[in-house]
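Numbering (this note's numbering), first residue to last: 92 to 563. Data first, discussion second: the structure below is written as structure tokens.
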Amino acid sequence: MSCNYYIKDTNGVEQYCRTADGDEYYIETDDATKVFASDAQGNKRYAKDHENNEIYPIVKDQPVFLIDDQQMPHYAKTTYGSEVYPRLDSGKQLVATDGQNNAIYAKNLMGEYFYPRDEKGDEYVLDEMKMIKELDGTTLYPLDRNGNPQYTKFLGQEIYEPLEGHANMVSFGKNIIGDEVYAKNFDGDEYYPSSGQYAKSSQGIPLYAVDTSGHIIFPKDSNGKEVYLKDSNFSDIFFQRGNYLKRYAFNEMNDEYYPSETIEIQNNILISRNVILNERYAETQDGEIVYPLDENNNEFTLDLEQYHIEDALPIGYPITNDSFIIVPNVNNKPFIVDTIFPDISERNIRGKLARDSHSNDFVTNVRSPRISQVAKKRYTTIPWLNYSRPPDSNLQAPKPNPPIQKNVVQPPIPIVPVIKKNIIQKKGWSAWILGILVGLIMIGLLILKWFIEKNLTRRTANSQSVQLSNFR
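Structural data, given as structure tokens:
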């Protein structure tokens, strides 16, 4: 079916030819200036299919853009208003340009620019120096066929585009799910920008860079210490994309150290505890195991209900920050092992550790030969069994014993009658009442005796006075 010219309606508007399905189509011509139908004012328009989507004309095997009176190209639009790129037979999409050969990118329904795709399905830019900029000044990097951003390369290394309107800051590329992605160096490893910025996930969680094998690359401070990234609660980030980190970070001494998890914030002071990664304790550069610390800087271990003794307690019992031995709590009982510390028994338990984030292990009155990792810090204990009055704090000073004076005869210790509490408790109130009655009777008898003796004394005195008078 062919159409050599467009007929006009009564209003002078040229009408496209139509197929039986209702699709409009263009006349056959080699003159791109004559391929579009015009209205009465000479304004050109695209032909449309039966679903109201605009269609590009093909002239000499090339799609043709509609050019307005100002010589500006226009993209065809879908029935919903989104602009579409014309496509070659190879599958590559073409981008329109202005009179200075500057790219004019198409817009989606939201009015946002997007890139065309080549025959491989990768997005591409016409000029790497003129990428699409978003409203906040960030650069929109083109995506490859797998949905990953494509950074511009310079001497084999990907480079970050500057963030417009923000000095010394860069723009991260985003993948198809909205996660920011780091650029890669010459070796193919991701690297952190010198601006100190960190890429974030679509949920706003900072992300670690990874090497070509997918292993975490920790950022480093000025002393060479590997540092953990922080989340919005100031906790160290110890997972990435749902998986725990495969290793601990190293400090400037090349010792592994634990990430910390914030429990709460009190008076602008962070209260946090260490986190064990991959069921393994951190080690020093010499291979010495270091136990993690709770919110009070007391050590804790893996759960003995789930792990063997040699795995949970490889260096013996954990200790408090003032070097007292801690006995793990298993089913609310102290887990005492003679082979670990034979001098420990339940008699040494002086209470449970008050913890918000871990099991309430038992603290003893036995000092460990190990030295605490940190300085003393206040912690509290709670009662257990016969130890009903534990100290409020480990920092509470004990009462000193009274001094012993030499060569001084000490006064005898008064004998205090012992009241048998068990008898009183058994007899109850009746014993108390009986005791009171007996006491009253005894008092009454004493008073009666006093009156009798007094009267007897008076009578004796009177009798003596009578005898004396008779004698005279």
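No residue lacks a Cβ here, since even glycine has one placed at the ideal position from N, Cα and C. Computed from a predicted structure; not experimentally measured.
In this structure, DSSP gives lysine 125 a helical state, which the three-state scheme calls helix. Between the alpha carbons of histidine 399 and glutamate 271 lies a gap of roughly 42 Å. In the three-state DSSP reduction, glutamate 437 falls in the helix class (H, G or I). The alpha-carbon separation between glutamine 162 and threonine 243 amounts to approximately 31 Å. A distance below 8 Å between beta-carbons, with the five flanking residues on each side excluded, links serine 414 to the following residues of its chain, in chain order: Arg458, Ser459, Arg461, Ile462 and Ser463. In this structure, valine 381 places its C-beta atom within 7 Å of the C-beta atom of alanine 373. Only exposed fits phenylalanine 245, as fewer than 16 other CB atoms lie within 10 angstroms of its CB. With contacts defined by Cβ atoms closer than 7 Å, proline 419 and phenylalanine 426 form a contacting pair.
Per DSSP, reduced to three states, the secondary structure at valine 454 is strand.
Cβ contact annotation for asparagine 239 (same chain, cutoff 7 Å, sequence separation greater than five): Asn266 and Val272, in chain order.
For the pair leucine 531 and asparagine 423, the Cα-to-Cα distance works out to about 53 Å. Glutamate 401: member of the alpha helix (DSSP H) spanning 400-403, first to last residue. In the three-state reduction of the DSSP assignment, lysine 468 falls in the coil class, being assigned neither a helical nor a strand state. Rounded to whole angstroms, the separation of the alpha carbons of isoleucine 98 and tyrosine 176 is 29 Å.
One Cα belongs to serine 129, the other to glutamine 153, and the distance between them is close to 21 Å. Within the stretch 347-398, the runs of beta strand (DSSP E) that reach at least 3 residues and sit entirely inside it are, in chain order, 351-357 and 360-365. Per DSSP, reduced to three states, the secondary structure at phenylalanine 542 is helical. A straight-line Cα-Cα distance of about 16 Å links valine 155 and serine 181. Taking 7 Å as the cut-off, the beta carbon of methionine 222 is found closer than this to the beta carbon of threonine 230. Beyond the five residues adjoining it in sequence on each side, tyrosine 215 comes within less than 8 Å, by CB distance, of Tyr206, Pro207, Arg208, Asp209 and Pro233 in the same chain, given in chain order.
The criterion of a C-beta distance shorter than 7 Å is satisfied by aspartate 385 and arginine 364. DSSP places isoleucine 149 in the strand class (E or B) of the three-state scheme.
A residue is called buried when at least 16 other Cβ atoms come within 10 angstroms of its Cβ; arginine 446 meets this threshold and is buried. Counting only residues of its own chain and dropping the five nearest sequence neighbours on each side, glycine 172 has a CB closer than 8 Å to the CB of Leu200. Between asparagine 192 and histidine 165, the alpha-carbon positions lie close to 15 Å from each other. In the displayed model, valine 216 falls within coil according to three-state DSSP, outside both helix and strand. Between tyrosine 251 and alanine 274, the CB-CB gap stays under 7 Å. One alpha carbon belongs to arginine 338, the other to proline 383, and they sit about 15 Å apart. 7 Å or more divides the Cβ of glycine 442 from the Cβ of threonine 411. Looking at the DSSP output, phenylalanine 330 shares a beta bridge with Tyr335. Between alanine 290 and glutamate 317, the CB-CB gap reaches or exceeds 7 Å. A Cβ-Cβ contact shorter than 7 Å links proline 350 with aspartate 327. Residues Asp302, Thr303 and Ile308 of the same chain have their beta carbon placed closer than 7 Å to that of aspartate 280, with the five preceding and five following residues left out of the count. For aspartate 346, the CB contacts under 7 Å within the same chain, skipping 5 residues up- and downstream, are Thr375 and Gln376 in chain order. For isoleucine 250, the enclosing beta strand (DSSP E) begins and ends at 248-250.
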